[in-house]
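A.B. asks: Those letters in the sequence shown? Residues 415 to 551, by the numbering used here.
Note that the Cβ used here is the ideal one computed from N, Cα and C, for glycine as well.
Owing to the predicted nature of the structure, the values given are computational and were not obtained by experimental measurement.
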Amino acid sequence: EHQQKQETKKNYILNLYKQGTTDMLVIAQMAKTKPSYVASVLQTAGLISGYSDLYTTPVSEQNIYSRFFKNILSFKDVMSARESVDRIDNLYRYFGRLGDRAGQHHAQILALTGRNRARWCGKYEEARIFAEWLMKN
């Protein structure tokens, strides 16, 4: 049922946009959701491009570090969050050995994004895993 409800919300957002309602804040209010969710749906459907915030995944690489961190972030359950943090930590230490502070910063940003997205989804245990890593690094 949850999947069907989400799919319905996605379709509702897409239909609103295609019918001429292009203001993401208005669509979010009408769909009773967050503007970032609206942006994500529209961007995934190819109706908008270039929108980025904490909760959207950039379509193109942001910088030279993006390829290292592609498809690492996951918090669907506790095990996935731990695996993500382990992979982030490995890259953080790798860039540390190279003396590459910008690469380490990218790892920290990804962990912060994971924490915030998990919290936003109500996955507090998964968010805690990212937060604990951030406190150490």
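Figure out for me which residue from 532, 512 and 550 has the closest Cα to the Cα of residue 522.
C.D. replies: In the sequence shown, residue 522 corresponds to position 108, counting from 1. It is 550.
A.B. asks: Which class does residue 426 belong to by DSSP, given the choice of helix, strand or coil?
C.D. replies: For the purposes of this step, residue 426 is taken as residue 12 along the sequence shown, with counting starting at 1. Note: residue 426 maps to helix in three-state DSSP.
A.B. asks: In three-state terms, what does DSSP make of residue 483?
C.D. replies: For this step, residue 483 is matched to residue 69 along the sequence shown. In this structure, residue 483 counts as helix in the three-state DSSP scheme.
A.B. asks: To the nearest angstrom, report how far apart residue 401 and residue 513 are at their CA atoms.
C.D. replies: Residue 401 is absent from the model: the chain starts at 415 and stops at 551.
A.B. asks: Find out if the Cβ-Cβ distance for the pair residue 432, residue 489 is shorter than 8 Å.
C.D. replies: Position 18 of the sequence shown, counted from the start, is the residue given in the question as residue 432. Position 75 of the sequence shown, counted from the start, is the residue given in the question as residue 489. No, they are not a contact pair.
A.B. asks: DSSP state of residue 503, grouped into three classes?
C.D. replies: Your numbering for residue 503 matches position 89 in the sequence shown. If DSSP states are grouped into helix, strand and coil, residue 503 belongs with the helices.
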